[in-house]
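Only one structure is covered here, and it is reproduced in the block below.
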Amino acid sequence: MNNTLIIAEKYFAWLPRFFKLVTPERWVIVIAVTLAVLSTAYSFTHGYIIAYGDAESHLNIAKRVIDSLTPGFAQLGGIWLPLPHLFLVPLVYFDWLWKTGLAGSVVSGIAFVVSAVFLYRLTFVLTKDGRAAFIAAIAFVLNPNILYLQSTPMTEMTLIVFFILSSYFFIRFLLDDTDLLMLILAAFFGFCASLSRYDGWGLVLVEAGVLVLYYLPYRIRDGWSQVLHGMRGFFAARSDKPFGERFGLLEGRLILFSTLAFFGILLWFLWDWLILGDPLYFTHSQFSAASQQQGWLARGELPAYHNIGVALLYYFVTSLESMGILLALAALAGVYVFLGDKTKKYQILILLVLFVPFLFNVATLFLGQSVIFLPGLTPPTFEWTLFNVRYGTMMVPFFAIFTAYLFYRSRTLGRTLVTGVVALQAILFVVGFSPVLAFKDGMSGLSSAIAKMPDAQAWIAREYDYGMVLTDDFARTISIVRTPMKMKDVIYIGNKPYWAESLVEPEKYARWIIMQKNDVIWRNLIDKPELNARLFKYFNKVYTSEDILIFRRIDVYPAN
Amino acid sequence: MKKDIFIILAIILFGATLYTLTLRGAPGNPTASEFKDNLDMPTYAFELSSERGRYVHVVSLAQRGTFDITEEWALVAYPDVGVHNDKYYSFFAPGVSYFTLPFYLLGSKFGLGQVATFAAESIVSIITLVFIYLIGRRIFKLPLWAAVFAVLVYGFGSTSWSYAITLYQNAFTACFIVTALYAAWCFGESRARFAWLYAVYVWLAYALAITVDYPNALLMLPVMVYLAYLTFLFKKTEGEGIAISVRWAGVVTALAFVIVTGFHFAHNVYYYGGWSKLAGTLESYRPYTTATTTPIMGTTDTLTSASAISTLPSVLLGTTSLVLATTTATTTGTTTATTTPMKEKTVSGFFHEQNIPNGFSILMFSDERGLLFFTPIFLLSFLGIWYALRRKGGDRAVYVVLLCLMALNLFLYSSWGDPWGGWAYGPRYLIPSMPWLALFVGVALAWGGAAFSKKIIALALFLYSSGIALIGALTTNAIPPKSEAMFLPINTYNFLKNVPFLQEGKSGSFVYNTYVSAHFSLLEYFLIIYGVLALIAVLVLFVSLFSRHE
Chain W
703 MNNTLIIAEK YFAWLPRFFK LVTPERWVIV IAVTLAVLST AYSFTHGYII
753 AYGDAESHLN IAKRVIDSLT PGFAQLGGIW LPLPHLFLVP LVYFDWLWKT
803 GLAGSVVSGI AFVVSAVFLY RLTFVLTKDG RAAFIAAIAF VLNPNILYLQ
853 STPMTEMTLI VFFILSSYFF IRFLLDDTDL LMLILAAFFG FCASLSRYDG
903 WGLVLVEAGV LVLYYLPYRI RDGWSQVLHG MRGFFAARSD KPFGERFGLL
953 EGRLILFSTL AFFGILLWFL WDWLILGDPL YFTHSQFSAA SQQQGWLARG
1003 ELPAYHNIGV ALLYYFVTSL ESMGILLALA ALAGVYVFLG DKTKKYQILI
1053 LLVLFVPFLF NVATLFLGQS VIFLPGLTPP TFEWTLFNVR YGTMMVPFFA
1103 IFTAYLFYRS RTLGRTLVTG VVALQAILFV VGFSPVLAFK DGMSGLSSAI
1153 AKMPDAQAWI AREYDYGMVL TDDFARTISI VRTPMKMKDV IYIGNKPYWA
1203 ESLVEPEKYA RWIIMQKNDV IWRNLIDKPE LNARLFKYFN KVYTSEDILI
1253 FRRIDVYPAN
Chain V
16 MKKDIFIILA IILFGATLYT LTLRGAPGNP TASEFKDNLD MPTYAFELSS
66 ERGRYVHVVS LAQRGTFDIT EEWALVAYPD VGVHNDKYYS FFAPGVSYFT
116 LPFYLLGSKF GLGQVATFAA ESIVSIITLV FIYLIGRRIF KLPLWAAVFA
166 VLVYGFGSTS WSYAITLYQN AFTACFIVTA LYAAWCFGES RARFAWLYAV
216 YVWLAYALAI TVDYPNALLM LPVMVYLAYL TFLFKKTEGE GIAISVRWAG
266 VVTALAFVIV TGFHFAHNVY YYGGWSKLAG TLESYRPYTT ATTTPIMGTT
316 DTLTSASAIS TLPSVLLGTT SLVLATTTAT TTGTTTATTT PMKEKTVSGF
366 FHEQNIPNGF SILMFSDERG LLFFTPIFLL SFLGIWYALR RKGGDRAVYV
416 VLLCLMALNL FLYSSWGDPW GGWAYGPRYL IPSMPWLALF VGVALAWGGA
466 AFSKKIIALA LFLYSSGIAL IGALTTNAIP PKSEAMFLPI NTYNFLKNVP
516 FLQEGKSGSF VYNTYVSAHF SLLEYFLIIY GVLALIAVLV LFVSLFSRHE
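Here the protein sequences come in this chain order: W and V.
Residue numbering for the first sequence follows this note's numbering, starting at 703 and increasing by one per position.
Residue numbering for the second sequence follows this note's numbering, starting at 16 and increasing by one per position.
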């Protein structure tokens, strides 16, 4: 027995009207802002904003620029790129925003919303389909790794927004190379990306390389498989002009692009040279990532080092899990569909630009410049099995775009399936089947500060009254934002001449000394007998644990 | 049609013959005292706790009329035993025990209780073989030879063989999924008066599949979505709205599911103390003793006579075990029963996305359980899938459903904490996907060009795969994962562990041990069966008898 029910149009006519209240792009803004506020409120109320050790460091760097013992731009240092910290500077002026970490939430939150909007636009450029573009934005803003990171002062969102912006304008230029403004904007945002995280350097390099490929005058014969159609279509389309003319175009546009895009990198070399006396300070100083990886290497715990297969596997799985495995697989199907789409041009080049985070991270893992520990891949015999997994979130825009592309190229059943996959993946995150890696690392991984908070932290937060504090900030013995200290009360390695003098005459400025086993202060004041005697002459040891010692000046101790 | 009937009869006969020749067991109706260090040894009928855990309930139902087991039998099923209200239960879903009860009752009258119980699995597997053939012929529209070859691949060219001759849930699961899919397709095709019976069967199969293995609730979802797709037809009508055409038979027959699941819940309430309480979530039972270390043969599981460390208890949900705690296994002497409070167990807690990279590689490629390592004939399935997806026309919805079934199966068990399936032979968790993979092998051979070359390749792969399948079926399923094998004197963790058994004549085969061992060595027995199988495969692939008139 069959029955046919008719749901009259009038019953659901409100639906399109509702969605047309504002444009899809504005819906994206509304949704992104709402989610940003909600997730930040969640992180704030649960104390997760500064869960990462690096999160506090970013806040502190910005704070020191304007409010420290020796304020100034030199406080930006020479390892981490400066732009995210510069964005924080006006906000961390307010102690409350600094200590709660909300200064970072504001910066990352804005980056998140702009990212969502331009992800929508980028997908729209590729598909000319508002619904597909909306799916891309939704897949992005619903990603819990992204939602968490946008509530923190971490620099990933800053990079992601500039990555998306630069890619958006660059792809628009590829689709219409007469519009030079697009190329200039791509270069500008590439410049910003290159001053946000080193991944940005990879972006501008690849974009420059793509420009070269774009104008190279050669043709690939017909007969290639459908997968290579994009490459064939692109090159065939570009081979219609004589070599000289094409070379001239390449020369001009490459110079135009590179002048601005690579300026950030040049500035950074210059900065390190002027401030630290070594243009390559960021690559080989004791604070550089590469130096830190040497420790892992010595312990045999740098699995991807000089092993391309393992490097590929680590980043592939990390990025898959950051997106959620279902959506990532849908996106990979979308990539396949994109490459085979005969209606499009320049697929390979577009893919190359969007694929930069993957290439960059695999390269850095392979070269030993970075390390990722991921449960399931990292042997349980390693000291840590969860570290730096947030790098995988760089691929979320890529996956979001190509999930949407799959949606765009599907018919009704396929579109329903893709939408279902987006919803199902969200559910899998909620029920805990899919781990929220970036959050988990902040809570319990090696990146976490709160997982390793020592007892000394609570002690100093309770006992600190006033006076300067000598501490080795690089060792992260205690969390400054979680104490009543002001930043101008802290003497750390970046305070010349206070730091160097305090290591010889500890009583000269400091009322408090906080040291951790084997940090710079410990090696100077504990391990050197002559200074050790001086230390105990002027200071009382007021806190002792296995690893941390805290001293308080004797002569200024309140009399009562 | 007449030809199809002839072929179906041949499949039944051939399947019954090969399964009978390899069926695990020994004469008799074993009592609890006969298990320890006897029937629970490798190559014996109850070498692993999956068989024991289900069989003890069969015996209890037959002899005591109740599902719970006595403490004496609890020790037999140990370590996969839980306790509720001072009553003992194995951690396995109850369905298999109920389904095989009639066979036990019948067999026990002839002193063949165990053999008859295990034979139920073979019957279920033969039903699966028949429906693979029907699906190949009617849905895939495969030529006769290709459909028959798909049957051969599933039945005797894959490690499903090892689980068609012993007491596990895998064969039941495969049977329910295959028959339900076929019934759903028939429901969609038929407008006959009694077409609703097809829908009844689909719902019944879904409910019954859950009783044999709880994860089937998820695993069978694509079939149920397919049924919904056939039941509800959405159509946008110009100017009117959306027209939903409903075949009410597909909806009303859900009553069958409700009734069966109602009984299932009632069983859970009566025995486990709550309708949603699953066997695997019961509090673990641990017998205490001192005395010497006498190993307990784990199952799916973890314990073995020679293991340097033993791990217990293992928690089984459905059929699967997961090691939760590590301790030293000691039994013998007087045994004091006790229960150990453990962390609350949840179903969802065992599935985790982070297990997927490892689980996927274990199930697909590893030399421990890898599908393509044990059964490389399935390499051709990928070609078949490619052909099916590119083919215009045909029943694409079915292809999508089958792909979803396989993807879900792989996804689910890759994310499972124990993708090895404990001690097992091959990727037993992928058995529900094997019928479809076998059918896609048929597709790969029947469609597209280079037919002869593909058949040659298929034959070579089949000979390898069926050899591996047969050696497992004749000897043992008790193959440890690599991590546990490292602690064993024989450091092997795949079919290489079975080879010495074959050479030494140690077989679990009831027919061989009872009737043939006096006349042939096990190796000769193996070669005879293998030779027949190879001959049949050659005939199916190359002799025009099968392909004529197609």
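From the three backbone atoms N, C-alpha and C, an ideal C-beta is built for every residue, glycine too.
| Query | Result |
| --- | --- |
| V/F516 vs V/T58 beta-carbon contact at 9 Å | yes |
| Closer than 7 Å at the beta carbon, the chain V residues around W/V1019 | P372 |
| Distance CB(W/Y917)-CB(W/L968) smaller than 9 Å | no |
| Segment contact flag, the region 456–476 of chain V with the region 373–380 of chain V, C-beta cutoff 8 Å, min 3 pairs | no |
| Assigned secondary structure, W/M1217 (DSSP; H/G/I helix, E/B strand, else coil) | strand |
| Where the alpha helix (DSSP H) through W/H986 begins and ends | Y983 to H986 |
| Same chain, Cβ closer than 6 Å to V/A269, neighbours up to 5 away in sequence not counted | W218 |
| 9 Å Cβ cutoff, W/G1078 in contact with chain V | yes |
| Spatial distance of W/L956 from V/Q369 (CA atoms) | 43 Å |
| Of the listed residues W/G902, W/R1184, W/V906 and W/F796, nearest to W/W858 (C-alpha basis) | For the sequence presented, residue 858 of chain W should be read as Glu rather than Trp. Out of W/G902, W/R1184, W/V906 and W/F796, W/G902 has the C-alpha closest to the C-alpha of W/E858. |
| Partners in chain V for W/A1271, counting only beta-carbon separations shorter than 8 Å | Here chain W comprises residues numbered 703 to 1262, so residue 1271 of chain W is not present and cannot be evaluated. |
| Contact with chain V by W/G925, beta-carbon distance below 9 Å | Low confidence applies here, because W/G925 scores a pLDDT of 45, under 50, leaving its location unreliable; read the following figure in that light. No, W/G925 lies away from the interface with chain V (no Cβ there is under 9 Å from its Cβ). |
| V/T296 versus V/H99: straight-line alpha-carbon distance, rounded | 10 Å |
| Short Cβ contact (9 Å threshold) for W/F1062 with W/M1025 | no |
| Cβ separation of W/Y1166 and W/P1208, assumed to be a contact under 8 Å, to the nearest whole Å | Not really, about 17 Å apart at Cβ, beyond 8 Å. |
| Reduced DSSP category for V/N528 - H, G, I as helix; E, B as strand; rest coil | helix |
| Interface flag, V/I377 vs chain W, CB-CB below 9 Å | no |
| Per-residue burial, W/L882 [other beta carbons within 10 Å of its own, 16 or more giving buried] | exposed |
| CB contact below 9 Å: W/I1010 versus chain B | Within the model displayed, chain B is absent; protein chains W and V are what it includes. |
| Partner residues on chain V for W/L707, Cβ-Cβ distance less than 9 Å | I257, A258, I259, S260 and V261 |
| Inter-residue spacing [alpha-carbon to alpha-carbon] between W/I840 and W/V809 | 21 Å |
| Whole-number beta carbon distance between V/G40 and V/V130, since they are thought to touch under 8 Å | 4 Å |
| DSSP state of W/I1193 mapped onto helix, strand, coil | strand |
| Interface residues of chain W facing V/A366 [CB-CB closer than 8 Å] | Residue identity differs from the one stated: residue 366 of chain V is Phe in this sequence, not Ala. Within 8 Å Cβ-Cβ: F1135. |
| Partners in chain V for W/I1074, counting only beta-carbon separations shorter than 7 Å | Per Cβ cutoff of 7 Å: no residues; W/I1074 is ~13 Å from chain V at best. |
| Beta-carbon spacing of V/S140, V/C190 below 9 Å | yes |
| Whole alpha helix (DSSP H) elements within the region 481–548 of chain V, 4-residue minimum | 497–500 and 513–519 |
| Run of the alpha helix (DSSP H) containing V/Y183, from where it starts to where it stops | V/Y183 -> no alpha helix (DSSP H), and no H or E assigned at all. |
| For W/S990 and W/F984, the rounded distance between their alpha carbons | 6 Å |
| For W/L1077: DSSP bridge partner residues | Note that residue 1077 of chain W is Pro in the sequence shown here, rather than Leu. Note: W/P1077 sits in a beta bridge opposite W/T1080. |
| Close-in-space but distant-in-sequence residues of the same chain around V/L511 (CB under 7 Å, 5 per side omitted) | none |
| Interface flag, W/G935 vs chain V, CB-CB below 9 Å | Its pLDDT being 49, under 50, W/G935 is placed unreliably in this model, and the coordinates cannot settle the point. |
| Which listed residue (W/L1139, W/R1236 and W/I977) has its alpha carbon closest to that of W/G1078 | W/L1139 |
| Collapsed DSSP secondary structure at W/N705 in the structure displayed | strand |
| Buried versus exposed, by CB contacts within 10 Å (16 or more), V/L538 | exposed |
| Chain V contact residues for W/I1027, given Cβ-Cβ distances below 9 Å | E368, I371, F426 and S430 |
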